[in-house]
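Working notes, structure below.
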Amino acid sequence: MQVKDLMTSRPEFIPTDTTIREVAMRMQRDDLGFAPVAEGEKLVGVITDRDLAVRALANGKSPDDTVGSVMTSDVRYCFEDDDVINVLQNMEQEQVQRMIVLNNQDSKDFVGVVSLSDMADNCKDADMAKQIVDCCRHYH
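Using my numbering, you'd call the opening residue of the sequence shown number 62 and step up by one each time.
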């Protein structure tokens with residue numbers, strides 16, 4: 062199975078100048094824990110609910126500061142044609158729950174996001190289920 066078979070296709074970007082308050086309200090409204098961050102059409106990072114709690118609140122950021130000041134700029138990614146098992150192994154090594162999906166090595170256009178939840182929803186066998194559980198261990 063390839064990543065493109067189960068990813069969420071191109072979710073909306075959060076502009077870097079969006080306030081922390083606006084992002085938190087949007088995440089609450091849309092039940093999101095993660096969003097890509099962009100300057101124009103260029104992907105420059107991601108923001109998670111954990112970034113808001115750990116980087117923003119714990120470091121005394123104002124709700125009026127921008128998401129660009131607390132986002133994760135070291136973006137972990139995979140390609141839409143990658144094998145899901147290989148991506149799952151990479152997610153376990155990187156200790157991430159989601160990865161940005163790019164179209165290919167040449168143009169590297171943003172095409173979506175793949176998550177552990179997407180993989181669990183499409184799990185077809187016991188080996189894959191075990192890998193998903195192993196990938197989640199460090200969260201508990």
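Ideal placement from N, C-alpha and C gives every residue a C-beta, glycine not left out.
All values derive from a computational prediction rather than experimental measurement.
Legend entry - 4 or more residues per run - each alpha helix (DSSP H) lying fully within the segment 68 to 139: 81 to 91
Inset, instruction - Report the three-state DSSP secondary structure of Asp170 (helix, strand or coil). - result: Taking the first residue of the sequence shown as 1, we reach residue 170 at position 109. DSSP places Asp170 in coil when its eight states are reduced to three.
Legend entry - Whole-Å CB distance - Val98 paired with Val105, under 8 Å assumed: Within the sequence shown, residue 98 is the residue found at index 37, counting from 1. Within the sequence shown, residue 105 is the residue found at index 44, counting from 1. That pair is a contact at about 6 Å.
Inset, instruction - Please work out which residues of its chain come closer than 7 Å, Cβ to Cβ, to Asp143, disregarding the five sequence neighbours upstream and downstream, and give them in chain order. - result: Position 82 of the sequence shown, counted from the start, is the residue given in the question as residue 143. Within the same chain, Asp143 has close Cβ partners Gln63 and Val64.
Inset, instruction - Name the two residues that bound the continuous alpha helix (DSSP H) containing Met62. - result: Counting from one through the sequence shown, the residue named residue 62 turns up at place 1. Taken as a continuous stretch (DSSP letters only), Met62 belongs to no alpha helix (DSSP H), as it is neither H nor E.
Legend entry - Of the residues Met132, Phe140, Glu102 and Glu100, the one placed nearest Lys169, counting alpha carbons only: In the sequence shown, the residue the question calls residue 169 occupies position 108. It is Phe140.
Inset, instruction - Figure out for me which residue from Phe95, Met88, Gly129 and Glu102 has the closest Cα to the Cα of Thr79. - result: Locating residue 79 in the sequence shown gives position 18, where the first residue counts as 1. For the residues Phe95, Met88, Gly129 and Glu102, the minimum Cα distance to Thr79 belongs to Gly129.
Inset, instruction - Using three-state DSSP, classify Lys185 as helix, strand or coil. - result: As a first step, residue 185 must be located in the sequence shown, where it is residue number 124. Residue state, collapsed to three classes: coil.
Inset, instruction - Indicate whether Asn164 and Val172 have their beta-carbon atoms separated by less than 7 Å. - result: Reading the sequence shown from its first residue, position 103 is the one you call residue 164. Reading the sequence shown from its first residue, position 111 is the one you call residue 172. A contact, by the Cβ cut-off of 7 Å.
Inset, instruction - Taking Asp92 as the reference, give the member of Asp110, Thr77 and Glu102 with the closest Cα. - result: Translated into positions along the sequence shown, residue 92 becomes position 31. Of the listed residues, the one whose Cα sits closest to Asp92 is Asp110.
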